[in-house]
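J.: The opening position of the sequence shown corresponds to residue 1 in the numbering used here, with each subsequent residue numbered one higher.
Heads up, the beta-carbon is just placed ideally off N, CA and C, and yes, glycines get one too.
The model shown is predicted, which means the values in this text are computed figures rather than measured ones.
A single structure is presented below for examination.
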Amino acid sequence: MGFESIMAIYIVLLGPPGAGKGTQAKIISEKMFLPHISSGEIFRENLSKKTELGNLARKYINRGELVPDDITTGMIKKRLSRDDCRNGALLDGFPRTVSQANSFDEFLAIDHKKVNVVPYIKVSDEILIERLTGRWTCPVCGHVYHEKFNPPQKPGICDFDGSDLYQRDDDKLETVQNRIRVYINQTQPLIDYYRNKGVLVEINGENNIQMVTEELLTAIQERIA
Ligand code: ADP
Ligand code: AMP
Numbered sequence: 001m002g003f004e005s006i007m008a009i010y011i012v013l014l015g016p017p018g019a020g021k022g023t024q025a026k027i028i029s030e031k032m033f034l035p036h037i038s039s040g041e042i043f044r045e046n047l048s049k050k051t052e053l054g055n056l057a058r059k060y061i062n063r064g065e066l067v068p069d070d071i072t073t074g075m076i077k078k079r080l081s082r083d084d085c086r087n088g089a090l091l092d093g094f095p096r097t098v099s100q101a102n103s104f105d106e107f108l109a110i111d112h113k114k115v116n117v118v119p120y121i122k123v124s125d126e127i128l129i130e131r132l133t134g135r136w137t138c139p140v141c142g143h144v145y146h147e148k149f150n151p152p153q154k155p156g157i158c159d160f161d162g163s164d165l166y167q168r169d170d171d172k173l174e175t176v177q178n179r180i181r182v183y184i185n186q187t188q189p190l191i192d193y194y195r196n197k198g199v200l201v202e203i204n205g206e207n208n209i210q211m212v213t214e215e216l217l218t219a220i221q222e223r224i225a
């Protein structure tokens, strides 16, 4: 086993849409010097550039359904093979099915690596709906805001790069409700999957952003020390 495989750290942020995975991933990836890999963000970049991958994924994303496993897993493996991931990665939104989790474990095992810790960010459904329908996203840096809970300094403008913020098409109430259903049916089984592997740690996602960050950092540091 090489030095790099001992040092590599893989963190999977698990939780329903709107739990705060992207918000926390941006903060934690900077603090831990780990690349933030968001499957949703990679899909959205491909949608806006109208690539072949984007065109394949569009209909699923617009309906709030999952993009098929083979497409998603292939995309993530390619991203994780890039040099910036040699020390590991912080994953947000992947895996989302047991089949994706199995493929991911097999992929890591080739280099004697594994998923080290899976913080499960728990938030009730009513709060999720309020968070998602008030979410504003920066199209350039991907930073997320909330009109009430985490507003930008100037309404509608990204604090970091001055871009005009937008509301995601899949954050409409009807699509949000479907995404929560899809999460319950297809992603929730991952809670037991990772609990059985001894890497799951529950985080109260209903606290404010700073408190969630502190709980996450403590939990991660305890598990990778
Ligand atoms: P996810 O990536 O899990 O879908 P996001 O990080 O995009 O979730 O957060 C969804 C929305 O909730 C965003 O508008 C974000 O600003 C807001 N948000 C995130 N964490 C919190 C929190 N702890 N309290 C209140 N609002 C939050
Ligand atoms: P997110 O940005 O994580 O909320 O993801 C937005 C949308 O992208 C989801 O509703 C899915 O349609 C698609 N998507 C993101 N990650 C995955 C994944 N791991 N598997 C399948 N579809 C995904």
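Can you check whether the CB of Asn55 is closer than 9 Å to the CB of Gly88?
T.: no
J.: Which of the three DSSP states is assigned to Pro189 in this structure?
T.: Pro189: helix per DSSP, three-state reduction.
J.: When DSSP builds the beta bridges, which residues end up paired with Asn150?
T.: His146
J.: Does the beta-carbon of Ile209, which I'm using as the reference point, lie nearer than 8 Å to any heavy atom of ligand 4?
T.: Of the ligands this structure carries, namely ligand 1 and ligand 2, none is ligand 4.
J.: Using CA atoms only, rank isn't needed, just tell me which of Lys78, Arg82 and Gly93 is closest to Tyr183.
T.: Closest option to Tyr183, Cα to Cα, is Gly93.
J.: Should Gly93 be listed as close to ligand 2, given that the test is whether its C-beta is under 8 Å from any heavy atom?
T.: yes
J.: Throw me the rounded Cβ distance for the Thr187 and Thr73 pair, which I believe falls under 8 Å.
T.: The Cβ separation is near 15 Å, so there is no contact.
J.: Per the DSSP calculation, Ala225 is bridged to which residue(s)?
T.: Paired residues: none, contrary to the question.
J.: Could you tell me the alpha carbon to alpha carbon distance between Val212 and Leu53, rounded to whole angstroms?
T.: 34 Å
J.: Classify Lys78: buried if its beta carbon has 16 or more other beta carbons within 10 angstroms, exposed otherwise.
T.: Exposed is the call here.
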